[in-house]
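Heads up: the sequence shown at position 391 corresponds to 391 in UniProt numbering, and the numbers run straight through without jumps.
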Amino acid sequence: MTSSHSDTQRTRTIRIAAAVIRDDGGRLLLVRKRGTSAFMQAGGKIEPGELPAVALARELREELGVAVDPAAAFHLGSFSAPAANEPDARVEAELFELSITGEPLGGRDRGDDVAQPGTGKRHGTGAAHRRCGAAALRPPAMSSRNEENRAAGGAPLTFAVLVFPGFPMMAFSSVIEPLRAVNILAKRDRYRWVIVGADPGTVEASNGVVIQPGFSAADAPKADRIVVCSGGDADHVVADEAMSWIRKSLRGGAHIGAVADAAFFLARAGLLDGHACTLHWTSQAAFTEAFPDIELRRDLFVIDRKRFTSAGGVGSLDMMLEIITRDCGAEIAAGVAEWFVHSPLRSSVDRKLMPLRLRTGIQNELVLSAIAIMEDAVEERLGMAELAERLGVSVDKLERSFRAELDISPNGYYRRLRLKRAADLLAHSKLMVRDVALACGFASMSSFARAFREEHGHAPKAMRRQ
């Protein structure tokens, strides 16, 4: 088991951005790249620090000779598979959709061919080919209502925020306030929003603020987007009426999202099956144990087709800025970020590393990378020599970096991390104590109980919810 995990960790990752491009007749556009025999979707590799949509625009400019606004590309999802011709590599693809008018005819810079299946047409880059710089690209609608929302004077999109007792006010505000800012900046209503409670009556937030939702789940109106907002008890929430409303909304084409720990609520209902998601970092270990088949990412937010989730806090604001970009364009979204004196994250790499920086305050990249590996190998319990090898540094350098940054050895930090994970699992999962010990790399109950008491000051069973 250990060697298999180690091999996975050493697999090289190739990140690409690709596009499903259709013309006015619904025909799919494919490209055969120079030096290859097969036709494929247009796109290419994402450069380090480059946003996927920006990489896609660059590749389309080189392959097809057309200029594309990155904000116009609709993100269909993230997909991963072994690389076809490189056995030591895995491809992670960010797939987008675009519609095209006009007739693109081959890449002007690289000598690529373009084909439209079903037409018998294939266009090369010889002297006789016509450039397609005048071709117009337009984004596909996320829904019919979204297309109206983009058009001047179109109907506003409606967000419904479903709140449960103990909901985090920070995440709640980060969903609603950006919508208000969009309407001010656009000088018209691009969005409407309603607050929904699972039951009639007031709902108290985690900070003690009490709100009165405008609707209960039984009489909630139709919404284009539903956001479930719940705190640390989301894994125990039972709300049949609310779930019935959500399922009905899904059948009507709504997009469903969750902030903070509300992904638990959607996952238990099967609404995240086949989708990637994220949630608050304190609950990720318990979520993985409860739903091992759901792809959990350590991002601040994840948007996967008609599901969107955030880790809570300001991550919800970053998620909303991305949604606003897709709905209203990059200019409006940038204005919203400026309105809240917020700097949007620059790349997916930043999104993965930022949660570590936020909760640890660590800036040293080597230490951050080491901790990321440790968090992925809690059960495995790596040796420091193997950890250093994965990072490409000596054990001495790893030791010095941890001492300088945290005044603790890497092995000591690893032990503390495993015991913190154990506390999270005991508080947020139904695993037996002995199973928690094994899941956190402890071979015996006695060594686990002793280490846990030394770290937390009480026995493991004391962490169980009453």
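Even glycine gets a Cβ: it sits at the ideal position worked out from N, Cα and C.
Every beta strand (DSSP E) stretch that sits fully inside the segment 292–370 and reaches 3 residues is listed by chain position as 301–304, 307–310. Measuring C-alpha to C-alpha distances from R190 to each of D199, S78, A155 identifies A155 as the nearest. Runs of the beta strand (DSSP E) lying entirely within the segment 52–97, each at least 3 residues long, are 74–82 in chain order.
It is roughly 5 angstroms from the alpha-carbon of P168 to the alpha-carbon of S206.
Annotation for K187: no beta strand (DSSP E) segment contains it, and DSSP assigns it neither H nor E. Counting of Cβ neighbours within 10 angstroms places A67 among the exposed residues, the total staying below 16.
Judged by DSSP secondary structure, S249 falls within the alpha helix (DSSP H) whose first and last residues are 240–251. A check of alpha carbon separations from E97 across L76, V91, A89 identifies L76 as the nearest.
Assignment of G412 by DSSP, reduced to helix, strand and coil, places it in the helix class. By the Cβ neighbour-count rule, G65 is buried, with 16 or more other Cβ atoms within 10 Å of its own. Residue nearest to G270 within the set V259, T282, P292 is P292 (criterion: CA-CA distance).
Counting only the Cα atoms, V259 lies some 28 angstroms from I46. A contact between stretches requires three or more CB pairs, one per stretch, nearer than 8 angstroms, and the segment 192–202 fails this requirement with the segment 324–341.
Beta-carbon to beta-carbon, H255 and R225 are separated by about 5 angstroms, close enough to satisfy the 8 angstroms threshold. Out of M40, A18, R22, the CA that lies nearest to the CA of A57 is found in A18. Annotation for P344: D318, L321, A337 place their beta carbon closer than 7 angstroms to its own, counting only its chain and skipping 5 residues before and after.
Three or more beta-carbon pairs separated by less than 8 angstroms link the segment 402–421 to the segment 374–386, which places the two stretches in contact. Between the alpha carbons of L366 and A242 lies a gap of roughly 45 angstroms.
CA-CA distance, L356 to W339, rounds to 26 angstroms. Per DSSP, V395 is one residue of the alpha helix (DSSP H) stretching across 395–406.
For V436, the enclosing alpha helix (DSSP H) has its first and last residue at 433–439.
For M463, the closest alpha carbon among the candidates G441, L438, F442, S429 is that of S429.
Of all C-beta pairs linking the segment 167–181 to the segment 309–318, three or more are shorter than 8 angstroms, placing the two stretches in contact.
With a contact defined as Cβ atoms closer than 8 angstroms, A263 and L250 miss out at about 16 angstroms. Spatial neighbours of M374 in its own chain (CB-CB distance under 6 angstroms, excluding positions within 5 residues in sequence) are listed in chain order as Y414, L417. Note on Q212: under 16 other CB atoms within 10 angstroms of its CB, so exposed under the neighbour-count rule. In the structure shown, S230 falls within a strand segment according to DSSP collapsed to helix, strand and coil.
When only Cα atoms are considered, V161 and I324 end up about 16 angstroms apart. Beyond the five residues adjoining it in sequence on each side, R305 comes within less than 6 angstroms, by CB distance, of G77 in the same chain, given in chain order. Residue pairing by DSSP puts G44 in a beta bridge opposite A17. DSSP links H255 through a beta bridge to R225. In the structure shown, A205 adopts coil according to DSSP, grouped into three states.
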